[in-house]
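> Chains as they are written, first to last, in the numbering used here: chain A, 1 to 112; chain B, 1 to 111.
After the structure tokens below, expect a handful of questions from me.
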Amino acid sequence: GEDVEQSLFLSVREGDSSVINCTYTDSSSTYLYWYKQEPGAGLQLLTYIFSNMDMKQDQRLTVLLNKKDKHLSLRIADTQTGDSAIYFCAETFTGGGNKLTFGTGTQLKVEL
Amino acid sequence: NAGVTQTPKFQVLKTGQSMTLQCAQDMNHEYMSWYRQDPGMGLRLIHYSVGAGITDQGEVPNGYNVSRSTTEDFPLRLLSAAPSQTSVYFCASREGLGGYTFGSGTRLTVV
Chain A
1 GEDVEQSLFL SVREGDSSVI NCTYTDSSST YLYWYKQEPG AGLQLLTYIF SNMDMKQDQR
61 LTVLLNKKDK HLSLRIADTQ TGDSAIYFCA ETFTGGGNKL TFGTGTQLKV EL
Chain B
1 NAGVTQTPKF QVLKTGQSMT LQCAQDMNHE YMSWYRQDPG MGLRLIHYSV GAGITDQGEV
61 PNGYNVSRST TEDFPLRLLS AAPSQTSVYF CASREGLGGY TFGSGTRLTV V
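Dropping the structure here:
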């Protein structure tokens, strides 16, 4: 079945770049997503990438997809304290309809 | 345009009680789903619906029922609450390609 894995924690200094990594097992992924969850809040869609793309950039966010290694990353440039949150990667896959499979989430802590 | 609205935001139930978590969206999305979020486990799909009158089970459906009589509403029912159902519940909707819109969540405690 589908499996999406992430490291649990990441700590960076304000102003540095953050890189959050995600690996997935399903080779039939169609879309891959990054969501942000602030404490006590719902999930906010940050960006998504179609599985036939290698990279997508949106302001401070860069998504890289390595299909061969089934590895997805989210880079946040010039990380700010407001970026502190839990970040989830998620995928949809061929044959799964609209089902969204989530990773366990990475807690990003930004220190001054 | 409110997006996805969930009510209530917080609820405490006694074991064995029943309740319905409400979810409504005003974007005319066909696809709606319910997830539960537990520490260290990400979000797991409970039930989903691809349109009015059509529902199906997700990864963790036991103990939950759903119905979809209209495009807008997708309530989640707990018939006999158990402590294992203590969690944060999220409703989400999607239309076609692209991202899913999530509600702000319902935090449920079963004692």
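Where a beta carbon is used, it is the ideal one built from N, C-alpha and C, also for glycine.
May I have a chain-ordered list of the alpha helix (DSSP H) segments no shorter than 4 residues that lie completely inside the stretch 17-60 of chain A?
Listed in chain order, there is nothing to give.
> Classify valine 66 of chain B as buried or exposed, calling it buried when 16 or more other Cβ atoms lie within 10 Å of its own Cβ.
Locating residue 66 of chain B in the second sequence gives position 66, where the first residue counts as 1. It counts as buried.
> Using a 10 Å radius around the Cβ and a threshold of 16 neighbouring Cβ atoms, would you call histidine 71 of chain A buried or exposed?
Translated into the one-based positions of the first sequence, residue 71 of chain A becomes position 71. Burial call: exposed.
> So, with DSSP's three-state summary, where would you put serine 84 of chain B?
The residue given as residue 84 of chain B occupies position 84 in the second sequence. Serine 84 of chain B: helix per DSSP, three-state reduction.
> Using Cβ-Cβ distances below 9 Å, what residues of the stretch 35-58 of chain B are close to chain A?
Going along the stretch 35-58 of chain B in chain order, one finds Tyr35, Gln37, Gly40, Met41, Gly42, Leu43, Arg44, Leu45, Tyr48, Val50, Asp56, Gly58 with a Cβ nearer than 9 Å to chain A.
> Could you tell me whether the stretch 72-81 of chain A touches the stretch 5-21 of chain B, using the rule of 3 or more Cβ pairs below 8 Å?
Short answer: they don't touch.
> Compute the Euclidean distance between the alpha carbons of tyrosine 24 of chain A and glutamate 5 of chain A, then round it to the nearest angstrom.
Taking the first sequence and counting its residues from 1, one reaches residue 24 of chain A at position 24. Taking the first sequence and counting its residues from 1, one reaches residue 5 of chain A at position 5. Taking the straight line from one Cα to the other gives about 6 Å.
> Are the stretch 46-53 of chain B and the stretch 96-110 of chain B touching, with three or more C-beta to C-beta distances below 8 Å?
Flag = no, the stretch 46-53 of chain B and the stretch 96-110 of chain B do not touch.
> Going along the chain, which residues of its own chain have a beta-carbon closer than 8 Å to the beta-carbon of aspartate 56 of chain B, five neighbours each way excluded?
Taking the first residue of the second sequence as 1, we reach residue 56 of chain B at position 56. Taken in chain order, the residues that qualify are His47, Tyr48, Ser49, Val50.
> Between glycine 16 of chain B and chain A, is the shortest Cβ-Cβ distance under 8 Å, so that the two count as touching?
Walking along the second sequence from the start, residue 16 of chain B turns up at place 16. No, glycine 16 of chain B lies away from the interface with chain A (no Cβ there is under 8 Å from its Cβ).
> Find the residues of chain B that neighbour threonine 104 of chain A, judging by a C-beta separation of less than 9 Å, and give them in chain order.
If you number the first sequence from 1, residue 104 of chain A lands on position 104. Here the neighbours are Gly40, Met41, Gly42.
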